[in-house]
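Q: Input: one structure, supplied below.
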Amino acid sequence: MRYKNAAKMIEWLCEAFGFSVRARYGEGDVVHHAELVFGASMIMLGSARDDDYGKMVGEPGTGGGKSIYVAVDDADTAYARAKKAGATIIQELTDRDYGSREFICRDPEGSVWSFGTYWPKAGDKG
1 MRYKNAAKMI EWLCEAFGFS VRARYGEGDV VHHAELVFGA SMIMLGSARD
51 DDYGKMVGEP GTGGGKSIYV AVDDADTAYA RAKKAGATII QELTDRDYGS
101 REFICRDPEG SVWSFGTYWP KAGDKG
């Protein structure tokens, strides 16, 4: 992921969604590469740049069909934390017919995040 203000977004993602910083490389407000962990999962992000990768993924906040799904044990707690930190709730908590409880929100730079209890395991057949 790329963010216009990656340094600020790292702090916000940790506060709002419960990520922890595993690694961060760069100087000052410029983040060349950062790794944020959530349980056994990880996302990687950095500052928006006009390079080949930046051209492939596009400008921050212009999603164009991209979103991130994070599996959580407790969607209600995740929802309360995200809302308290100022996430824009796009879809309120919903119970899905396939058993997931989930919500969808937008971070301060416009990226769309879904949090839910649906967590298929690799190798499991439905």
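Here the UniProt record's numbering is used: the first residue of the sequence shown is 1, the next is one more, and so on. Glycine included, every Cβ here is placed at the ideal spot set by N, Cα and C.
(1) Spatial neighbours of residue 7 within its chain, please: CB distance less than 6 Å, with the 5 preceding and 5 following residues excluded, ordered by chain position.
(2) Report the rounded CA-to-CA distance for residue 117 versus residue 47, giving the unit in angstroms.
(3) Shortest alpha-carbon distance to residue 33 belongs to which of 87, 109, 79 and 45?
(4) What does residue 113 pair with, by DSSP beta-bridge criteria?
(5) Given a cut-off of 8 Å, decide if residue 107 and residue 9 are closer than it, judged by their beta-carbon atoms.
(6) Within 10 angstroms of the Cβ of residue 67, are there 16 or more other Cβ atoms? Answer buried if so, exposed if not.
(7) Select from 109, 92 and 40 the residue whose C-alpha is nearest the C-alpha of residue 115.
A: Put simply:
(1) 29 and 31
(2) 30 Å
(3) 45
(4) 68 and 105
(5) yes
(6) The residue is exposed, with fewer than 16 neighbouring Cβ atoms inside 10 Å.
(7) 92
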